[in-house]
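Visitor: Protein sequence lines correspond, in order, to chains B and U. Our numbering puts the last residue of the first sequence at 345; the count rises by one with no breaks. Our numbering puts the last residue of the second sequence at 345; the count rises by one with no breaks. The beta carbon of each residue, even a glycine, is placed where N, CA and C say it ideally should be. Since we're looking at a predicted model, the values are computed, not measured. One structure, pasted below without further comment.
There are 2 protein chains.
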Amino acid sequence: MRVSYLGPKGSFTQIALTKYFGDDLVQVSQKTIGDVFRSVELNDSDYGIVPIENSFEGSVNNTHDLLIGSDIQVYDEIQIRINQCLLTKTNDISKIEMIYSHPQSFGQCQKWLRNNLPNAQLIPVLSNSEGAERITSDNEACIGSKTLANLYSLNLLNENIEDSKENTTRFVILSHTQQDKSDNSKISLIITPPNSDASGSLYKLLKPFATEDINLLRIESRPLRGQLWRYVFFIDCEGHIDDKNIQNAMNTLDDLDINVKILGCYPSYKSS
Amino acid sequence: MRVSYLGPKGSFTQIALTKYFGDDLVQVSQKTIGDVFRSVELNDSDYGIVPIENSFEGSVNNTHDLLIGSDIQVYDEIQIRINQCLLTKTNDISKIEMIYSHPQSFGQCQKWLRNNLPNAQLIPVLSNSEGAERITSDNEACIGSKTLANLYSLNLLNENIEDSKENTTRFVILSHTQQDKSDNSKISLIITPPNSDASGSLYKLLKPFATEDINLLRIESRPLRGQLWRYVFFIDCEGHIDDKNIQNAMNTLDDLDINVKILGCYPSYKSS
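Structure representation (structure tokens):
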């Protein structure tokens, strides 16, 4: 079995992959989220795994936009706690003048950086692994996962430097197939109103869910490309596509000319 | 009059500032969106201006998160078309090996870059102005606004290289004061449900708007910091806070224990 993930090696996505699938498979590192989608679309990989949402930073826009245009299904989800570390060559924090990190990781460690390294220059890089790779001298540091310390022979100078101890990222597993029905199933949908400027259109598209007593777990809007200030809505709700109340809601939306794309049904994640 | 903006000089925010306020005032460049908020909060500036939403990339998360925690009001909004250019020292595109840009601008020019400079190395920087500043040789280029060409003595090698011709950014003007009532007023609100996991909570908070026939213009969710998978909702709707139907809706939300923060009332922007 082959699984593509948003790399490079040592990324949080790879940590999620190993937590979900274990070690007994071929892990294929991809450069971008788009590359993960393409590898599954072209059957070069059986599954793909990409981040979709962080509890602190919010949605991963690129993943949402690619889901709009792809036939790939959401097979499952998994979430992991994000523990950021400061990685260095030196053991002396006072020597650090430059810190490399993906801008999102800088965002997650703002407070810690202000309190501990207020004068260090923050240098954005495309991935935390790229940051780790750059470190050659004692005045450099990077932010990233614990696993980068082993991969790039660096010191774990500080652990858990993220501002929020609730910092969790949710990943989706992409595939051509769907899981068998489970007890605590949830559904991911993309809903495109005919015209989101129209009076109460959002209310109208949510009404069938309320009427059928369907529990909404999440709503997220994304701009509809090429159409100024129009949006599509990503909705997660409880239930399974075979359930009677879900089918009723889908039929009502269809009658209202509201387009619904089903991304997948999978067990609602219980964090352990 | 002093107005703080998200700099550096030549940023799209400065272009929006000049379009809105004209030239007859002191423009104060700030390093971050947070610095713009602080300068208004501390009365160091009369107004501030920051980006809030791009029609292609979606919401500017930082602006939304700062609005949650600040007492600053939204005084007005303005939007401008984003025209990205390729800026260079050279006139020969085949010499370009490295391109500097803010990651968001790379995102806006993906197609053009793939078609025209597929082998160039993309180097992320904190602002497009920083990218322009870095260019010293013929094998370097940057992406950014036309105004950077004059500011940094660069060639406008290609104009309008953005993928979407609908690429528009909306900016908000921050202030301690509110405008007088206008005819085509809109309201910006932040709504925090008591518990967004509860069945139909989103539907419940939208119902008072539907009952009172209030036109929703936009909804955007952001994670509630420190509370896993709970969200606040940013809502723009038509009307003025003095209108009877708006007051009815606010009272109903209050009865339901749903917290509402009014960010501001201002004229609905008509793009020219």
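For residue 130/U, is the classification buried or exposed, using 16 other Cβ atoms within 10 angstroms of its Cβ as the cut-off for buried?
Guide: Position 57 of the second sequence, counting from 1, holds the residue named residue 130/U. Residue 130/U is buried by the Cβ-count criterion.
Visitor: Buried or exposed, going by whether 16 or more other CB atoms sit within 10 Å of the CB of residue 88/U?
Guide: Residue 88/U sits at position 15 when you count from the first residue of the second sequence. With 16 or more Cβ atoms within 10 Å of its Cβ, residue 88/U is classed as buried.
Visitor: Of all the CB atoms in chain B, is at least one closer than 8 Å to the CB of residue 130/U?
Guide: Within the second sequence, numbered from 1, the residue matching residue 130/U stands at position 57. By this cut-off, residue 130/U is an interface position.
Visitor: Kindly indicate which residue of 267/U, 117/U and 169/U has the alpha-carbon position closest to the one of residue 210/U.
Guide: Numbered from its first residue, the second sequence carries residue 210/U at position 137. Measuring from the Cα of residue 210/U, the nearest candidate turns out to be 169/U.
Visitor: I want to see whether chain U comes within less than 8 Å of residue 134/B, judged by CB atoms only; does it?
Guide: As a first step, residue 134/B must be located in the first sequence, where it is residue number 61. Cβ-Cβ to chain U under 8 Å: yes for residue 134/B.
Visitor: Express the C-alpha separation of residue 292/U and residue 330/U in angstroms, rounding to a whole number.
Guide: Position 257 of the second sequence, counted from the start, is the residue given in the question as residue 330/U. Position 219 of the second sequence, counted from the start, is the residue given in the question as residue 292/U. In a straight line, the C-alpha of residue 330/U is about 20 Å away from that of residue 292/U.
Visitor: Please name the residues in the segment 275 to 295 of chain B whose beta-carbon is closer than 9 Å to at least one beta-carbon of chain U, in chain order.
Guide: Residues passing the 9 Å Cβ filter: 275, 276, 277, 279, 280, 282, 283, 286, 287, 288, 289, 290, 291, 292, 293, 294 and 295.
Visitor: Using a Cβ-Cβ distance under 8 Å, would residue 300/B count as near chain U?
Guide: For the purposes of this step, residue 300/B is taken as the residue at position 227 of the first sequence. Closer than 8 Å to some Cβ of chain U, the Cβ of residue 300/B qualifies, so yes.
Visitor: State the start and end residues of the unbroken beta strand (DSSP E) segment that holds residue 152/U.
Guide: Counting from 1 along the second sequence, the entry for residue 152/U is found at position 79. Start and end: 146 to 154.
Visitor: Say whether chain C places a C-beta atom closer than 8 Å to the C-beta of residue 226/U.
Guide: No chain C is present in this structure, whose protein chains are B and U.
Visitor: Under 8 Å, do residue 289/U and residue 282/U count as touching if we go by C-beta distance?
Guide: Residue mapping note: residue 289/U aligns to position 216 of the second sequence, counting from 1. Residue mapping note: residue 282/U aligns to position 209 of the second sequence, counting from 1. Yes, the pair counts as a contact, with Cβ atoms nearer than the cut-off.
Visitor: So what does DSSP say about residue 262/B, is it helix, strand or coil?
Guide: By one-based count along the first sequence, residue 262/B stands at place 189. It is a strand residue.
Visitor: How is residue 271/U classed by DSSP in three states: helix, strand or coil?
Guide: Your numbering for residue 271/U matches position 198 in the second sequence. Legend: pLDDT at residue 271/U = 49, less than 50; position of this residue unreliable, no value from coordinates given.
Visitor: Give the secondary structure of residue 338/U by DSSP, where H, G and I count as helix, E and B as strand, and everything else as coil.
Guide: Within the second sequence, numbered from 1, the residue matching residue 338/U stands at position 265. Correct three-state label for residue 338/U: strand.
Visitor: On the three-state DSSP scale, how would you describe residue 205/U?
Guide: One-based indexing of the second sequence puts residue 205/U at position 132. Three-state result, residue 205/U: helix.
Visitor: For chain U, find out if any of its Cβ atoms is closer than 8 Å to the Cβ of residue 333/B; answer yes or no.
Guide: Start at 1 with the first residue of the first sequence, and residue 333/B comes out as number 260. Chain U, which has no Cβ nearer than 8 Å to the Cβ of residue 333/B, makes this no.
Visitor: Can you tell me the Cβ-Cβ gap for residue 310/B and residue 259/B, rounded? I've got them flagged as a contact below 8 Å.
Guide: Within the first sequence, the letter at position 237 stands for residue 310/B. Within the first sequence, the letter at position 186 stands for residue 259/B. The pair is a contact, with the Cβ atoms about 7 Å apart (cut-off 8 Å).
Visitor: Using DSSP with H/G/I as helix, E/B as strand and the rest coil, what is residue 247/U?
Guide: Looking up residue 247/U in the second sequence gives position 174. Three-state DSSP puts residue 247/U in a strand.
Visitor: By Cβ distance, which residues of its chain are closer than 8 Å to residue 203/U, with the 5 residues on each side in sequence left out?
Guide: Position 130 of the second sequence holds residue 203/U. These residues qualify, in order along the chain: 81 and 173.
Visitor: Along the chain, where does the beta strand (DSSP E) that runs through residue 141/B open and close?
Guide: For the purposes of this step, residue 141/B is taken as the residue at position 68 of the first sequence. Here residue 141/B belongs to no beta strand (DSSP E); instead the alpha helix (DSSP H) covers 134 to 142.
Visitor: Just to confirm my understanding: we take residue 74/U, look at its own chain, exclude 5 residues before and 5 after, and list those with CB closer than 6 Å. What are they?
Guide: Within the second sequence, numbered from 1, the residue matching residue 74/U stands at position 1. Contacts found: 98 and 119.
Visitor: Which residues bound the alpha helix (DSSP H) around residue 121/B?
Guide: Position 48 of the first sequence, counted from the first residue, corresponds to residue 121/B. First-last for residue 121/B: 120 to 127, but that is the beta strand (DSSP E), not the alpha helix (DSSP H).
Visitor: Going by CA-CA distance only, name the one from 86/U, 141/U, 339/U and 321/U that's closest to residue 251/U.
Guide: Position 178 of the second sequence, counted from the start, is the residue given in the question as residue 251/U. Out of 86/U, 141/U, 339/U and 321/U, 339/U has the C-alpha closest to the C-alpha of residue 251/U.
Visitor: To test your reading of the DSSP string, which unbroken beta strand (DSSP E) runs of 3 or more residues are found completely within the segment 173 to 204 of chain U?
Guide: Counting only runs of 3 or more, we get 194 to 197.
Visitor: Considering only C-alpha positions, which residue in the set 243/B, 315/B and 316/B is nearest to residue 147/B?
Guide: Numbered from 1 along the first sequence, position 74 holds the residue referred to as residue 147/B. Minimum Cα distance to residue 147/B is reached at 243/B.
Visitor: Could you give the first and the last residue of the continuous alpha helix (DSSP H) run that contains residue 112/B?
Guide: Position 39 of the first sequence, counted from the start, is the residue given in the question as residue 112/B. It spans 106 to 114 - the alpha helix (DSSP H) in which residue 112/B sits, taken as one unbroken run.
Visitor: Along chain U, which residues have their Cβ under 8 Å away from the Cβ of residue 198/B?
Guide: If you number the first sequence from 1, residue 198/B lands on position 125. Per Cβ cutoff of 8 Å: 197.
Visitor: Compute the Euclidean distance between the alpha carbons of residue 109/U and residue 166/B, then round it to the nearest angstrom.
Guide: Along the second sequence, one-based indexing puts residue 109/U at 36. Along the first sequence, one-based indexing puts residue 166/B at 93. If I take the Cα positions, the gap works out to 31 Å.
Visitor: Hey, does residue 241/U have any beta-carbon neighbour from chain B nearer than 8 Å?
Guide: The residue given as residue 241/U occupies position 168 in the second sequence. Judged by the 8 Å Cβ criterion, residue 241/U is in contact with chain B.
Visitor: So which residues on chain U does residue 258/B lean against when the C-beta distance must stay under 9 Å?
Guide: Residue 258/B sits at position 185 when you count from the first residue of the first sequence. Correct list: empty, because the minimum Cβ distance to chain U is about 16 Å.
Visitor: For residue 212/U and residue 194/U, what's the separation of their Cα atoms in angstroms?
Guide: Sequence index remark: in the second sequence, residue 212/U carries index 139 (1-based). Sequence index remark: in the second sequence, residue 194/U carries index 121 (1-based). The alpha-carbon atoms of residue 212/U and residue 194/U are separated by roughly 11 Å.
Visitor: Over what stretch of residues does the alpha helix (DSSP H) that includes residue 225/B continue unbroken?
Guide: On the first sequence, residue 225/B is found 152 positions in, with the first residue counted as 1. No alpha helix (DSSP H) holds residue 225/B; DSSP gives it neither H nor E.
Visitor: On the premise that residue 181/B lies in contact with residue 155/B, defined as a C-beta separation below 8 Å, what is that separation, rounded to the nearest angstrom?
Guide: Position 82 of the first sequence, counted from the start, is the residue given in the question as residue 155/B. Position 108 of the first sequence, counted from the start, is the residue given in the question as residue 181/B. The Cβ separation is near 7 Å, so the contact holds.
Visitor: On the DSSP bridge assignment, give the partners of residue 281/U in chain order.
Guide: For the purposes of this step, residue 281/U is taken as the residue at position 208 of the second sequence. Residue 281/U is not bridged to any residue.
Visitor: Measuring straight from C-alpha to C-alpha, what distance separates residue 200/U and residue 175/U?
Guide: The residue given as residue 200/U occupies position 127 in the second sequence. The residue given as residue 175/U occupies position 102 in the second sequence. If you take the alpha carbons of residue 200/U and residue 175/U, they lie about 5 Å apart.
Visitor: Could you tell me which of 280/U, 295/U, 76/U and 94/U sits nearest to residue 328/U, measuring between CA atoms?
Guide: Here residue 328/U refers to the residue found at position 255 of the second sequence. Of the candidates 280/U, 295/U, 76/U and 94/U, the one whose C-alpha sits nearest the C-alpha of residue 328/U is 280/U.
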